[in-house]
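Undergrad: When we follow this note's numbering, the leftmost residue of the sequence shown carries the number 3, and every step to the right adds one. Heads up, the beta-carbon is just placed ideally off N, CA and C, and yes, glycines get one too.
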Amino acid sequence: MKITSLEEYQKTYKRSIEDPEGFWAEIASQFTWKKKWNKVLDWNFTEPRVKWFEGGQLNITENCLDRHLADKPDRTALIWEPNDPAESTRRYTYKQLYQEVCRTAEMLAAHGVKKGDRVCIYMGMIPELAMAALACARIGAVHSVIFGGFSAQSIVDRVQDARAEYIITCDGANRGAKEISLKSIVDDALEDLDIIKHVFVHRHTGSETRMIPGRDIWWHEARNESINDYPAEIMDSEDLLFILYTSGSTGKPKGAVHTCGGYMVYTTYTFINVFQYQPDEIFFCTADIGWVTGHSYIVYGPLCAGATSLMFEGIPTWPDAGRFWDIVDKHKVNILYTAPTAIRSLMSYGLQPLEGKDLGSLKVLGTVGEPINEEAWFWYHDHVGKNRCPIVDTWWQTETGGILISNLAGVTSARPSYATLPMPGVQPVLVDEKGNEVLGNPAAGNLCIKAPWPSIIRTTYRDHERCRLTYFHSYPGLYFTGDGALRDEDGNYRITGRVDDVLNVSGHRIGTAEVENAINEHEGVVESAVVGFPHDIKGQGIYAFVICPEKEGNDQLRKAINATVDLVIGPIARPDRIQFVTGLPKTRSGKIMRRILRKIAEGEMHQLGDTTTLLDPNVVEEIKKGRIE
Ligand code: 7RM
């Protein structure tokens, strides 16, 4: 499965494009299937319909767990590093993780969860979160993990959209010096929901927790610790594995759907190749399992590959900004996979937190989530990798399931701020505004993909039309990523960022419309418009232009608006800047000209472009004057 030289990459890539079915069949044959597929690929991008390994039957957890019991039952599958460094690390061998997952699966099944049911998981970064997801997969239930930083209202939206009848949570989560009462947030969400049959509660922080008899179930009471095995449900390749909600340019987040067979094959293949994973290496992905990176490269990819995956409960800056480096040294981490925003944040503390840290175990570094600027790239390369570790810049999305464009560590060349080359089986194209492919190098355009790879999004849950319109409609016959990109003379891709109204704030995807809707929930707000602006650490910050009747908006009102955003979405969507205005730049047909607001927010006041189509050009002057630095 592993490509180990540039020539082999080129050969493999060529083959994968000439004969995708033969190529992926060969890779897929290296997994455990209960029944082999009849057809490798069936697709069209018009409906769209994509089916990989149709007729094949499997259970992804047999590939993550059971398969390893024969030859490496005692290899460490999961290392857990707690938030508080004074608390003890937990480790699970493949055998132990298998048993934990079986017990959790049995608990769920005993309380009525069955194949096809949707289960929301709202937990902190603890081993039980991985166990809960795997337990769902084992019994064929569809998990929908909700990031622990989201609000009660966000839980309501996701439970309703997924029609979930079960929630798995824990009493609380530790994040740095803070404790978040997850169970009480779930309780708030459930005030307005009557479709939840059971809430499974894992005791983690030990904080006082209200339990509703009949509905709420303690994990430690419901699990039968004498159970060691639980049969894996037989799943079709295209049965749903999970739903993961992600923000778009309009409306509420949509549920990206991933299915069993293709997702398993692709995440494992890319994990092994991009990071050049070797047996017994310790892989530390700092993402939260609430995001797709955690799904694919903490849980499924590494475990299917028989790797040792390290999971960290806390944050990079607590108790101090040397925490990542302490973890690397303590566990002899070989591969570190993190986000540019974390690197920039740690950079801002200078080199002192790195003093006295060895970091000699590191072999490969990775980044994901947003474009990495050259300064951060070199800092990571020089001070963390000590000039001897290749950096892989991995570009992908919730919708792609796995990494689509990246160099292969030490095998294909890196170029700072470039994700570089496509993975085998992936055919990127750049298109211009009219939808024509931009040929030749160098080139610039909107990034699309020509044909399906095994872990491409199948649909948006219960709304296939939205999936079609969002990804397959702008450029007929192509999957549209929403990103802009450049291609250099050698065919390397550089992702420049979103070309739609989606922001990337500290690597978190947030829709401007979503934030506007949240701000508008505040009773004092008439209308708002949200745009991004460059932020040294977060990549993008959130700039909100808000109309209030008492036009002299003040700090108290700002606080109240922030609190509303916290309630509707969560603190990650809080605006960094709120400017009160009396009007917004609108066209005669009433459309807000975001281009102008973006320029003002970015501080490029003198390049506003054509403003003659504005209903009232005067508002622009007022907004320019009131701009917040
Ligand atoms: C994995 C993940 C997806 C969006 C995507 C891009 C941006 C991700 C990179 C990147 C430049 C990268 N999923 N993005 N990786 N931009 N270089 N290496 O982040 O669904 O949450 O976000 O993130 O804009 O469209 S996501």
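1) Going by C-alpha to C-alpha distance, which of Tyr271, Pro84, Val504 sits closest to Ile5?
2) I think His260 touches Arg460, with their Cβ atoms under 8 angstroms apart; what is that distance to the nearest whole Å?
3) Strictly by DSSP, which residues pair up with Leu543?
4) At a cut-off of 7 angstroms, is Val144 close to the ligand 7RM when judged by its beta-carbon and the heavy atoms of the ligand?
5) Distance, Cα to Cα, Ala378 vs Arg489?
6) Can you tell me which residues form a DSSP beta bridge with Asn448?
7) Which residue or residues does DSSP assign as beta-bridge partners of Cys287?
8) If you compare alpha carbons, which of Asp190, Gly174, Asp194 is closest to Thr207?
9) Let me confirm a value: Ser31 is counted as buried when at least 16 other C-beta atoms fall within 10 Å, else exposed. Which label applies?
10) At the level of alpha carbons, what is the spacing between Asp434 and Ala446?
11) From Pro573, Ile512, Pro587, pick the residue whose C-alpha is nearest to that of Ile549; which is it?
12) Quick one: is the Cβ of Gln399 within less than 7 angstroms of any heavy atom of the ligand 7RM?
13) Considering only C-alpha positions, which residue in the set Tyr247, Val115, Ile170, Leu99 is nearest to Ala164?
14) Could you tell me how far apart the beta carbons of Pro87 and Asp328 are, in whole angstroms, since I believe they sit closer than 8 angstroms?
15) Return yes when at least one heavy atom of the ligand 7RM lies under 7 angstroms from the C-beta of Ala421, else no.
16) Would you decide whether Gln609 is buried or exposed? Buried here means 16 or more other CB atoms lie within 10 Å of its CB.
17) Use the C-beta contact count for Asn226: other C-beta atoms within 10 angstroms, 16 or more gives buried, fewer gives exposed.
18) Helix, strand or coil, according to DSSP, for Cys306 in the structure here?
19) Does the ligand 7RM have a heavy atom nearer than 7 angstroms to the CB of Trp293?
20) Distance, Cα to Cα, Asp76 vs Tyr94?
21) Does the region 411-429 come close enough to the region 285-292 that 3 or more CB-CB pairs lie under 8 angstroms?
22) Check whether the Cβ of Arg460 sits closer than 7 angstroms to any heavy atom of the ligand 7RM, and report yes or no.
23) Quick one: give me the first and last residue of the beta strand (DSSP E) that Asn46 is part of.
24) Look at the Cβ atom of Glu372, then the Cβ atom of Gly543, and state whether they are nearer than 8 angstroms.
25) Can we count Thr288 as close to the ligand 7RM, meaning its CB is less than 7 angstroms from some heavy atom?
26) For Leu353 versus His333, is the C-beta spacing smaller than 8 angstroms?
27) Does the region 232-249 come into contact with the region 490-498, if we say contact requires no fewer than three beta-carbon pairs (one atom in each stretch) closer than 8 angstroms?
28) Cβ of Asp395 versus every heavy atom of the ligand 7RM: is any distance shorter than 7 angstroms?
29) Does Ile512 pass the burial test, meaning 16 or more other C-beta atoms within 10 Å, or should it be called exposed?
30) Hey, would you say the C-beta of Thr248 is under 7 angstroms away from at least one heavy atom of the ligand 7RM?
31) Can the beta-carbon of Glu315 be found closer than 8 angstroms to that of Glu83?
32) Would you check whether the ligand 7RM has a heavy atom nearer than 7 angstroms to the C-beta of Asn275?
33) Within 10 angstroms of the Cβ of Pro444, are there 16 or more other Cβ atoms? Answer buried if so, exposed if not.
34) Beta carbon of Ile544: closer than 7 angstroms to some heavy atom of the ligand 7RM?
35) Pick out whichever of Val121, Met127, Ser153, Val158 has its Cα sitting closest to the Cα of Arg140.
36) Which one or two residues does DSSP pair with Asp218 in a beta bridge?
TA: With the structure as the only source:
1) Tyr271
2) 7 angstroms
3) Reading the sequence as shown, one finds Gly at residue 543 and not Leu. Per DSSP, Phe535.
4) no
5) 21 angstroms
6) Val433, Gly486
7) Tyr339
8) Gly174
9) exposed
10) 8 angstroms
11) Pro587
12) yes
13) Tyr247
14) 7 angstroms
15) yes
16) exposed
17) exposed
18) helix
19) yes
20) 9 angstroms
21) no
22) no
23) 41-46
24) no
25) no
26) no
27) no
28) yes
29) buried
30) yes
31) yes
32) no
33) exposed
34) no
35) Val121
36) Val201
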